[in-house]
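Take a look at the structure below.
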Amino acid sequence: MTEIMKSYYLQEEQQVICGETVSSIVADFVEDYPSTVDRFFTRYYYVQPGKENEPLRVLFHSNRICLIGLAPEHVAFEKGIQAVTFEVGRIDRSENQVSGKKKSGGMILQMDSTLALITCKDGSVYKVRGCVQGKLVEVNKRLVENIDLLREEGDGYVAVVMPKPEQCEAVKAKLMSREEYDKKYGKRMVSE
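Last residue of the sequence shown? That's 504 in the working numbering, and every number before it is there in order.
So this is what it looks like as structure tokens:
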């Protein structure tokens, strides 16, 4: 923000409007205001048995939309990510087209469906699983061009999946809460 804009928008002095003294607009500014993810999503985690170093994070919105991405402790971050592709076998997940309120036309996913393949600099390839049974709404095509987005909690999602309304509680029951994840894996994985 330029200095002129700062002086205009961030006026610290009080003003008199219609004969009443009004405090500065920035007087109520809170620097540690919760992020969008903290305000609107609940964090869940999925760790496939036998693959504890490949955890996935599921951000569950109250409208039942799920953003699926890599947890910060995923081994791919350590190795260095080289590429992300949505071409899984004969299916290109990026070609998924949905329409309407019920998202008709979306690919039906199971918990073990592969959403994307992540290739690391050492040549190893990791599958990003669906973690949630539901319809694939979209994949994050921006990841193909900007791999660093994967590190960001909200914008770094791999895919958006929408479970059926009647299955939401069952889906949440199969995932780990943030507290369960931190207790079981978080501290051990960060220290490795």
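Beta carbons are placed, not taken as given, at the ideal position from N, Cα and C, and that holds for glycine.
Here DSSP, grouped into helix, strand and coil, assigns Y438 to strand.
Residue nearest to S489 within the set P346, T354, V349 and T348 is T354 (criterion: CA-CA distance).
C-alpha of G442 to C-alpha of Q422: approximately 6 Å in a straight line. Nearest to K496 by C-alpha distance, out of P361, G331 and V451, is P361.
Distance from the Cα of F398 is smallest, within the candidate group V410, K414, G446 and V456, for V456.
Under DSSP, R369 takes part in a beta bridge, and its partners are Y357 and G381.
Between the segment 474 to 488 and the segment 370 to 381, the count of C-beta pairs closer than 8 Å reaches three or more; the two stretches touch. Bridge pairing for E332: I329 [DSSP]. Rounded to the nearest whole angstrom, the CA to CA distance from T426 to N408 is 14 Å. Between the C-alpha atoms of L382 and E465 there is a straight-line separation of about 9 Å. Following the DSSP letters along the chain, one finds L487 in no beta strand (DSSP E), marked with neither H nor E. Spatial neighbours of D434 in its own chain (CB-CB distance under 8 Å, excluding positions within 5 residues in sequence) are listed in chain order as K391 and G392.
Judged by DSSP in its simplified three-state form, Q479 adopts helix. When DSSP reads this structure, A395 sits in a beta bridge with T431. Distance from the Cα of A471 is smallest, within the candidate group A388, Q326, M419 and E450, for E450. G418 and Y357 have their C-alpha atoms spaced approximately 23 Å apart. Residue pairing of V473 in beta bridges, as defined by DSSP: C378 and L448. A residue is called buried when at least 16 other Cβ atoms come within 10 angstroms of its Cβ; A388 meets this threshold and is buried. Y469 sits close to L379, with the two beta carbons spaced by under 8 Å.
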